[in-house]
Amino acid sequence: MIRFILSTLSLLMFASVAQAQTTRQISGEVMLRERIALPFGTSFMVDLVDPEDTTVADTRTEVGDTQSPFAFALVAPTDRPLILRAGLRAPGGQFWLTEPYAIPPGADNIALPPLRAISTPPMGFASLLDCGGQYVEIGFLPDELRLRFNEQVLTLVPRPAASGAYYEQAGNPATSAHLKDDNALLTIEGAQLAECRFLAASEDLARGVWNLTQVDGTAALFPSRTELVFFADGRMSATVGCNRLIGGFQRHGGILTFGRIASTMMACTEPTMAQEQRFARALEKVDGFRLQPETGRLSLTAQGKVVIDARRQ
Numbered sequence: 001m002i003r004f005i006l007s008t009l010s011l012l013m014f015a016s017v018a019q020a021q022t023t024r025q026i027s028g029e030v031m032l033r034e035r036i037a038l039p040f041g042t043s044f045m046v047d048l049v050d051p052e053d054t055t056v057a058d059t060r061t062e063v064g065d066t067q068s069p070f071a072f073a074l075v076a077p078t079d080r081p082l083i084l085r086a087g088l089r090a091p092g093g094q095f096w097l098t099e100p101y102a103i104p105p106g107a108d109n110i111a112l113p114p115l116r117a118i119s120t121p122p123m124g125f126a127s128l129l130d131c132g133g134q135y136v137e138i139g140f141l142p143d144e145l146r147l148r149f150n151e152q153v154l155t156l157v158p159r160p161a162a163s164g165a166y167y168e169q170a171g172n173p174a175t176s177a178h179l180k181d182d183n184a185l186l187t188i189e190g191a192q193l194a195e196c197r198f199l200a201a202s203e204d205l206a207r208g209v210w211n212l213t214q215v216d217g218t219a220a221l222f223p224s225r226t227e228l229v230f231f232a233d234g235r236m237s238a239t240v241g242c243n244r245l246i247g248g249f250q251r252h253g254g255i256l257t258f259g260r261i262a263s264t265m266m267a268c269t270e271p272t273m274a275q276e277q278r279f280a281r282a283l284e285k286v287d288g289f290r291l292q293p294e295t296g297r298l299s300l301t302a303q304g305k306v307v308i309d310a311r312r313q
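All letters in the sequence shown, in the order written, are residues 1 to 313 by our numbering.
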């Protein structure tokens, strides 16, 4: 009996150690580059993605009266390279974001050096480029392209190209981006980066139409038409029973925020108007999302709480 108990304890200890070695803690602080006081209601968002730009760990908090720096700690897998981004969003839409920070595989806990978040203009559906181990964020807007690199955001405009797509910074041809298939060649002030490849999640927001099933705790009205569409250039549109809503969004890994939303002004029934108002209020709070590719489900979240559910049409 004693031998059996000791054997069982040994197995449990071995399993515990094996489990402990599959995760580690990644911690750090984020500070604003600008010396400003953040307004009450500002959200602090930290997101950790894998090499396919899919979120593996995240955290969301409201900063309250706290001011820079902002501490965080995440439990992360040990078996793959990771990329961390952190951001702050103030009421009204002002947005600050850190550079993508590469974290190699390993079992040891990591305390990152201080990370700086800078004011970031809209980049729409931002993707990551891996340029020889250096990460650059690229975002497509309706008439331009933006690169986030080395604590600056560069705006480029399309130019004629013999193949693929070519963009230049207006008035500065020494900064350009040549995109072809899943690769990109970036030149910054005459210096060419190593050839870049796109890191893309296998399932993303901008694929297909999403039918809403729940809005802020209330089931979507049936049979009202409820659709949500994300476009790759940062635009979104929605129908939540009556009026058409249009606006913009920003996606950086698992961080998702919406800008101002405009709406048509059709006469609607009271229940559909109430649903549209719930939807608009929920969008103002959204700071992340969760995708379930196997079931075709999408959840938009605010500080970890689901506020909108949808399924792929």
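Idealized CB from N, CA, C, for every residue including glycine.
Looking only at its chain, what residues have a beta carbon closer than 7 Å to the beta carbon of Asp50, apart from the 5 residues adjacent to it on each side? Excluding sequence neighbours, Asp50 sits near Val56, Arg80, Leu82.
### Query
beta strand (DSSP E) containing Ala238: first to last residue?
If you look at Ala238, you'll find it in the beta strand (DSSP E) that goes 235 to 240.
Tell me whether the beta-carbon of Ser43 lies closer than 9 Å to the beta-carbon of Arg24. Result no, Cβ atoms of Ser43 and Arg24 do not sit closer than 9 Å.
**Asked** Which residues mark the beginning and the end of the alpha helix (DSSP H) in which Thr272 is found?
**Response** It spans 270 to 285 - the alpha helix (DSSP H) in which Thr272 sits, taken as one unbroken run.
Use the C-beta contact count for Ala18: other C-beta atoms within 10 angstroms, 16 or more gives buried, fewer gives exposed. Residue placement at Ala18 cannot be trusted, given a pLDDT of 47 that sits under 50; what the coordinates show is reported in the next sentence. With a threshold of 16 other beta carbon atoms within 10 Å, Ala18 falls short and is exposed.
So what does DSSP say about Ser176, is it helix, strand or coil?
Residue state, collapsed to three classes: strand.
**Item:** Gln134, DSSP secondary structure in three states
**Value:** In this structure, Gln134 counts as strand in the three-state DSSP scheme.
If we count the other Cβ atoms within 10 Å of its Cβ and call it buried at 16 or more, is Ser163 buried or exposed?
-> Counting every other CB atom within 10 Å of its CB across the protein chains shown gives Ser163 a total below 16, marking it as exposed.
**Study point:** Ala24, enclosing beta strand (DSSP E) - first and last residue
**Key:** Residue identity differs from the one stated: residue 24 is Arg in this sequence, not Ala. From DSSP, the beta strand (DSSP E) with Arg24 extends over 23 to 32.
7 Å CB neighbourhood of Ala111 in its chain, flanking five on each side removed: For Ala111, same chain residues with a beta-carbon under 7 Å away, outside a window of 5 residues either side, are Ser27, Gly28 in chain order.
Own chain partners of Thr78 with C-beta closer than 7 Å, once the 5 adjacent residues on each side are dropped:
Gln21, Thr22, Thr23, Arg24, Pro105, Gly106, Ala107.
CB-CB under 6 Å to Val306, same chain, minus the five flanking residues each way: which ones, in chain order?
Result list for Val306: Ser299, in chain order.
Practice task
Please classify Asp181: is it buried, with 16 or more other beta-carbons within 10 angstroms of its beta-carbon, or exposed?
Solution key: Taking a 10 Å sphere around the C-beta of Asp181, we find fewer than 16 other C-beta atoms and assign the residue as exposed.
Worksheet item: Pairing CB atoms from the stretch 267 to 287 with CB atoms from the stretch 240 to 253, are three or more of them under 8 Å?
Response: Counting Cβ pairs under 8 Å, three or more are found: they touch.
Could you check where the beta strand (DSSP E) with Thr55 kicks off and where it finishes? From DSSP, the beta strand (DSSP E) with Thr55 extends over 55 to 62.
Exercise for the section: Have a look at Gly41 and Arg281 and give me their C-alpha separation to the nearest angstrom. Expected result: For Gly41 and Arg281, the distance between alpha carbons rounds to 14 Å.
- Query: What three-state label does DSSP hand Arg146 in the structure shown?
  - Reply: Under the three-state reduction of DSSP output, Arg146 falls in the strand class.
Please say whether Ala177 and Leu156 have beta carbons closer to each other than 9 Å?
Remark: C-beta atoms of Leu156 and Ala177 approach each other more closely than 9 Å.
TODO: Please list, in chain order, all residues of the same chain as Asp233 whose beta carbon is under 8 Å from its beta carbon, the five residues on each side excluded.
DONE: If we look at Asp233 and ignore the five residues flanking it on each side, its Cβ neighbours are Gly124, Phe125, Phe140, Leu141, Pro142.
Review point. Is it right to say Val75 is buried, meaning 16 or more other beta carbons lie within 10 angstroms of its own, or is it exposed?
Key: Val75 comes out exposed.
| said: Going by C-alpha to C-alpha distance, which of Leu291, Thr301, Leu88 sits closest to Arg311? | reply: Distances from the CA of Arg311 to each of Leu291, Thr301, Leu88 were compared; the closest alpha carbon is that of Leu291.
*Beta carbon of Gln152, beta carbon of Leu193: below 9 Å?*
For Gln152 and Leu193, no; Cβs fall outside 9 Å.
Alpha-carbon to alpha-carbon, Gly247 and Cys131 = If I take the Cα positions, the gap works out to 32 Å.
Inset, instruction - Look at the Cβ atom of Leu129, then the Cβ atom of Ala191, and state whether they are nearer than 9 Å. - result: Taking C-beta atoms as the reference points, Leu129 and Ala191 fail to come closer than 9 Å.
*What are the partner residues of Gln214, as DSSP defines its beta bridges?*
Paired residue(s): Ala219, Asp309.
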